[in-house]
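Structure first, then comments.
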Amino acid sequence: GVPVRVVASDPYTRWSSVNVIRGAADGSVSVYAHAVLGDVTGAQFRGIADLQRLLDAGVRVTNRQNLVLRDVNEGDLPLIYEHLVALDMARPGAELLRDVVACPGADTCNLGVTQSRGLARAIDEALESEGLGEASGVRINISGCPNSCGQHHVADIGFFGIERRAHGRAAPGYQMLLGGHIGEQGVSFGTRAVRLPARSVPDAVTRIVHRFIHERDAGEAFRYWLSRIGGVSAIAQDLSDLLILPTPQESPEYYVDFGETRAFEVDLGEAECL
68 GVPVRVVASD PYTRWSSVNV IRGAADGSVS VYAHAVLGDV TGAQFRGIAD
118 LQRLLDAGVR VTNRQNLVLR DVNEGDLPLI YEHLVALDMA RPGAELLRDV
168 VACPGADTCN LGVTQSRGLA RAIDEALESE GLGEASGVRI NISGCPNSCG
218 QHHVADIGFF GIERRAHGRA APGYQMLLGG HIGEQGVSFG TRAVRLPARS
268 VPDAVTRIVH RFIHERDAGE AFRYWLSRIG GVSAIAQDLS DLLILPTPQE
318 SPEYYVDFGE TRAFEVDLGE AECL
């Protein structure tokens with residue numbers, strides 16, 4: 068297998084090793100400004116604009132909801148890091164495993180079934196606790212409903228929100244998809260795997276990632292590894308103990324969505340786009 072890369076504990080060295088893109092022919096580098104869950108405040112935007120003018124750099128938005136400063140000098144990295152720390156945008160791991168993409172979900176969307184952003188935070192915490200946050204080779208995307216705003220259908224590991232019912236109660240859940248991909252050679256949608264209680268999803272993700280890291284061949288993409296081990300049925304076997312909802316008396320938290328305090332219920336409104 069291919070072990071997780073061990074990065075330095077020094078904050079600057081750790082940031083430089085994972086948030087800086089090197090290899091340009093002219094010797095320039097690009098730097099990710101990590102926008103957790105795609106959230107950027109007005110003050111952060113103004114700070115990035117100040118940094119752009121100072122460095123005469125280009126700025127782009129990535130499809131994983133971060134900003135990237137392009138064509139900057141390696142020698143300016145300490146200055147850039149200092150500015151990004153002040154803006155709270157220097158967290159290591161932009162575009163890597165912990166950088167989960169999620170739509171707004173039930174936070175603000177009338178069609179959202181589940182709290183997709185709350186799940187993204189829970190997955191981040193689970194990966195961090197397992198030392199997997201800065202692993203590469205797996206992209207996780209979440210939508211709060213079957214619509215594809217979170218691009219769950221083209222992620223290595225994708226989820227969309229559903230309602231689960233058990234023991235006479237409604238509970239938040241997710242349909243997992245595996246093996247989605249988008250690239251220069253084409254697009255492949257993920258294959259439906261299992262339907263999980265929302266509270267079981269972080270555990271399911273860490274199990275899959277651990278197995279991928281220890282079983283993959285050098286340079287092997289997630290979708291090829293998945294095919295080699297037997298596809299979604301092999302993963303479903305690994306997760307079989309996570310599929311069942313406990314009773315509300317045994318585990319009442321399973322009937323409350325991430326970030327909520329009241330019992331789960333689906334409250335759909337009128338679509339914003341008709």
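Note that my numbering has the sequence shown beginning at 68, numbered continuously upward.
Here a beta-carbon is modelled for each residue, glycine too, at the ideal position from N, C-alpha and C.
query: Nearest to Cys170 (by Cα), restricted to the options Leu118, Val103, Leu263; result: Val103
query: Inter-residue Cα distance where the pair is Arg347 and Ile229; result: Given a span of 68 to 341 for the chain in the structure shown, any question on residue 347 remains unanswerable.
query: Run of the alpha helix (DSSP H) containing His281, from where it starts to where it stops; result: 268 to 282
query: Strand pairing of Arg184, partner residues [DSSP]; result: In DSSP, Arg184 forms no bridge with anything.
query: Beta-carbon contacts of Pro70 that lie in its chain and below 6 Å, excluding the five residues immediately before and after; result: Since pLDDT at Pro70 reaches only 45, below the 50 mark, its modelled position is unreliable, and the value read off the structure follows with that caveat. Cβ neighbours of Pro70 beyond the five flanking positions: none.
query: Exposure label - Gln316; buried when at least 16 CB within 10 Å; result: exposed
query: For Leu368, three-class secondary structure by DSSP; result: Residue 368 lies beyond the range of the chain shown here (68 to 341); nothing can be said about it.
query: Three-state class that DSSP yields for Asp138 in the structure shown; result: strand
query: Buried or exposed by the 16-neighbour rule on C-beta atoms within 10 Å, applied to Glu162; result: buried
query: For Gly235, the nearest candidate out of Gln132, His277, Leu312 (CA to CA); result: Leu312
query: Separation of Ile115 from Asp155, as counted between CA atoms; result: 11 Å
query: Cβ-Cβ distance between Glu320 and Arg266 below 8 Å; result: yes
query: Ile311 - DSSP class collapsed to helix/strand/coil; result: coil
query: Residue(s) in a DSSP beta bridge with Asn214; result: Per DSSP, none; premise fails for Asn214.
query: Element boundaries [alpha helix (DSSP H), containing Leu151]; result: 144 to 153
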